[in-house]
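>
There are 2 protein chains.
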Amino acid sequence: MSPTSQTLTAERILEATEEVLRRHGPAKATVVDVARALGVSHGSVYRHFRTKAALREAVTKRWLDRTTQVLAAIVAAPGLDPETRVREWLAALFAAKRRKAFDDPELFATYSVLTTETAETVVSEHIADLTGQLTEIVRVGVDTGAFTTDDPATTAVALFRATDRFHDPHYAREWELPGVEGEFEAVVELLIRGLRR
Amino acid sequence: MSPTSQTLTAERILEATEEVLRRHGPAKATVVDVARALGVSHGSVYRHFRTKAALREAVTKRWLDRTTQVLAAIVAAPGLDPETRVREWLAALFAAKRRKAFDDPELFATYSVLTTETAETVVSEHIADLTGQLTEIVRVGVDTGAFTTDDPATTAVALFRATDRFHDPHYAREWELPGVEGEFEAVVELLIRGLRR
DNA sequence: CGGATGACAGATATTGAAATCTGTCACCTG
DNA sequence: CAGGTGACAGATTTCAATATCTGTCATCCG
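Going down the list, the sequences are from chains A and B. Position one of the first sequence corresponds to residue 1229 (the numbering used here), numbered consecutively onward. Position one of the second sequence corresponds to residue 1229 (the numbering used here), numbered consecutively onward.
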């Protein structure tokens, strides 16, 4: 009946939603559009997601989790000294965000809006995931004697906050300005020096 | 003729503009409103400011400069060691912004909008002023042997950017959350440690 | 004559009626 | 009978007509 008449799964709906969001932007993407893209009635979409907000939340979480997974690889990578691991983790976060912003500006702008309007919990869980990863790196650094701190978790949050400028979508416009790379390195340098014993 | 029939000066217009902005907000504050508040025709306002944008720019600059002046006192204050001076300067910046945001939320929100829509130069000059002050503090710190850095100006920018979260109006909502004070101190602690020889 | 005025043209914002969307649910259909 | 449908009520958005505002300037006034 429809062009893609496989069974309707949450995953297929999320894919269609992302496509509709990319095409129409956050303001004009409707549940009806998503249903149309899937060749089903909008009632069917509501069978998988209770509200439009829940759908947007799910698609946002999916997007944020992709970054979390990339960074987890750096936490787990063997053979890095703690200092290098922190540098690479922060650089990877910056690079991932910058790539998203540059490669598909429409979609990035869309998700930037979604993260501000979506339920606070999705974003704060994402931040908790990321600072959790950083905490692990710092903790290992302290254990091996490379770093000093009273409390790895507090220090991890400080590292994350001090680098907000280089991962908060709010600053995305400035990520293509010349000199940002230098600013990033100067901040990281200062922070790494602050971590050292 | 009007309730306040002194001569019409740029300063009086700026005062009236701030009042109109506080009352009506940035979206609904018009040049006609400002003229009405002063008991003159809007043509007279255009005699002092070429455009509405120029008027908004001037009132924004005036607002930003007030903070710059407060902080200049800390740069010049005698008898502070460099580390304390950095701590106090950053704390004063945070405190000044937080006070503005808390004491008069309407006006603060208004100026937050103005700084995003106003000509880039006003804001970047403000930032240049502030990082200039920080550069001076860092430079003295290096000269007295308290700090190490290749380039005080770069380091000053890094200090400013690493603390964006605690002075960028974008984050104002989070300045009243519990724990912000702790986050601020953790970031400053890390940065100060990074400055030390 | 220096400074203020208000009528005016084009740009921008407001408003309210019509169109669309969200979320529900009784009813299909394979 | 599990999964899908589409009509429906209330909420939200769109659109075009109307009102207001911006910026200019010929004219006025002390």
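All residues carry an ideal CB built from backbone N, CA and C; glycine is no exception. Since we're looking at a predicted model, the values are computed, not measured.
Comparing C-alpha positions only, which one of A1265/B, V1368/B, A1238/B sits nearest to L1308/B?
That would be V1368/B, whose Cα lies nearest to the Cα of L1308/B.
> Can the beta-carbon of G1422/B be found closer than 8 Å to that of G1422/A?
Taking 8 Å as the Cβ cut-off, G1422/B and G1422/A qualify as a contacting pair.
> For H1439/A and chain B, any beta-carbon pair shorter than 8 Å?
This structure cannot settle anything about residue 1439/A, because the visible part of chain A is limited to 1229 through 1425.
> Residues in its own chain within less than 7 Å of A1238/A by CB, not counting five upstream and five downstream?
Cβ within range, chain order: H1276.
> Give the C-beta separation of W1403/B and A1329/B to the nearest angstrom, bearing in mind that I take them to be a contact with Cβ-Cβ under 8 Å.
The Cβ separation is near 6 Å, so the contact holds.
> Looking at the structure shown, is R1313/B part of a helix, part of a strand, or coil, going by DSSP?
Of the three classes helix, strand and coil, the one that applies to R1313/B here is helix, per DSSP.
> Return the residue from the list H1398/B, R1389/B, E1417/B that minimises the CA-CA distance to D1379/A.
Out of H1398/B, R1389/B, E1417/B, E1417/B has the C-alpha closest to the C-alpha of D1379/A.
> Rounding to the nearest angstrom, what Cα-Cα distance links R1284/A and T1346/A in this structure?
Near 7 Å, if we compare the C-alpha coordinates of T1346/A and R1284/A.
> G1422/A touches chain B at which residues, Cβ-Cβ below 7 Å?
The contacting residues are L1418, L1419, R1421, G1422.
> Spatial neighbours of E1246/B within its chain, please: CB distance less than 7 Å, with the 5 preceding and 5 following residues excluded, ordered by chain position.
Cβ neighbours of E1246/B beyond the five flanking positions: V1287.
> By Cβ distance, which residues of its chain are closer than 7 Å to L1419/A, with the 5 residues on each side in sequence left out?
Cβ neighbours of L1419/A beyond the five flanking positions: L1387, A1390.
> Between which residues of its own chain and T1377/B is the CB-CB distance below 8 Å, once the five residues before and five after are set aside?
Cβ neighbours of T1377/B beyond the five flanking positions: V1366, V1370, T1383, L1423.
> Once the 5 residues before and after L1341/B are set aside, which same chain residues still bring their CB inside 7 Å of it?
A small correction: the amino acid at residue 1341/B is Val; Leu does not occupy that position in the sequence shown. The residues are P1254.
> Under a three-way DSSP split, which group does F1375/A fall into?
F1375/A falls in the strand class under three-state DSSP.
> So is A1414/B in contact with chain A if we call contact Cβ pairs under 8 Å?
It does; some Cβ of chain A falls within 8 Å.
> Taking 8 Å as the CB-CB limit, is D1392/B close to chain A?
Yes, D1392/B counts as interfacial toward chain A.
> Could you list the residues in the stretch 1365 to 1382 of chain B with a C-beta less than 9 Å from some C-beta on chain A, going in chain order?
Against chain A - using a Cβ distance shorter than 9 Å - the residues of the stretch 1365 to 1382 of chain B are T1376, T1377, D1379, T1382.
> Taking 8 Å as the CB-CB cut-off, is E1411/A touching chain B?
True, the Cβ-Cβ gap to chain B drops below 8 Å.
> Give the interface partners of R1389/B over in chain A, defined as CB-CB distance under 7 Å, in chain order.
Those are R1393, E1411, V1415, listed as they occur along chain A.
> Is there a Cβ from chain A that is less than 8 Å from the Cβ of A1323/B?
Not one chain A Cβ lies under 8 Å of A1323/B.
> Can you have a look at R1393/A and say buried or exposed, based on whether 16 or more other CB atoms are within 10 angstroms of its CB?
By the neighbour-count rule (16 or more Cβ atoms within 10 Å), R1393/A is buried.
> On the criterion of 16 or more Cβ atoms from any shown chain inside 10 Å, does T1279/A qualify as buried, or is it exposed?
The residue in question, T1279/A, is exposed, as its Cβ has fewer than 16 Cβ neighbours within 10 Å.
> Rounded to whole angstroms, how far is the Cβ of I1241/A from the Cβ of L1266/A, which I believe are closer than 8 Å?
Going by Cβ atoms, the distance from I1241/A to L1266/A rounds to 7 Å, so yes, they are a contact pair.
> Residues in its own chain within less than 6 Å of L1335/B by CB, not counting five upstream and five downstream?
Excluding residues within five positions, the ones whose Cβ falls inside 6 Å are R1250.
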